[in-house]
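Trainee: Below you'll find the structure I mean.
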Amino acid sequence: MRLFRSVAPVTVAVCLVLSLPNDARPHDARVPARHAAVVTEEPLGAECRISVEGSRVTAYCHNPDAATDRVRLHIECARWWDLDTDGAPADVGPAVTVRLTGRCWKEVGAAWVSHQLV
1499 MRLFRSVAPV TVAVCLVLSL PNDARPHDAR VPARHAAVVT EEPLGAECRI SVEGSRVTAY
1559 CHNPDAATDR VRLHIECARW WDLDTDGAPA DVGPAVTVRL TGRCWKEVGA AWVSHQLV
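Using this note's numbering, you'd call the opening residue of the sequence shown number 1499 and step up by one each time.
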């Protein structure tokens, strides 16, 4: 009876993890064979890294593709009275890195970069 009590929670946990849909499972570094042949026709655009330090947001966007990508920094502030901002768009040409900055008065709730291929 004591063995059943210690094994039962583990068995239930394993069954729950195996019953999760594929999107909810942790991703593995390996690509399944059925997805290996998927190729996108469109260029991917710039790759951006965003850092938040206090109330300031900085994003560095580098474009490894041949097409120009127009990027824009969006900041959502945590306080309801603090104004959310949408930065000015910046064109990122091939092999170019741009720096986008913005800030809130207090805490930053969220920050992201939008892309538009030019």
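All residues carry an ideal CB built from backbone N, CA and C; glycine is no exception.
From the DSSP output, read off the bridge partner residues of V1616.
Mentor: According to DSSP, V1616 bridges with nothing at all.
Trainee: Pull up the CB-CB distance for G1543 and D1582, whole angstroms please, since I reckon it's below 8 Å.
Mentor: G1543 to D1582, Cβ: 23 Å. No contact.
Trainee: Skipping 5 residues on each side, what residues in its chain have a beta carbon closer than 6 Å to that of C1559?
Mentor: A1544, C1546, V1569, V1590, V1596
Trainee: Please name the residue, chosen from G1607, E1605, K1604, T1556, that lies closest to G1585 on a Cα-to-Cα basis.
Mentor: T1556
Trainee: Under the DSSP definition of a beta bridge, which residues are partnered with E1605?
Mentor: Note: E1605 sits in no beta bridge, so no partner.
Trainee: Identify every residue that forms a DSSP beta bridge with A1557.
Mentor: I1548, L1598
Trainee: When you compare the CB positions of L1598 and A1608, do they come within less than 8 Å of one another, or not?
Mentor: no
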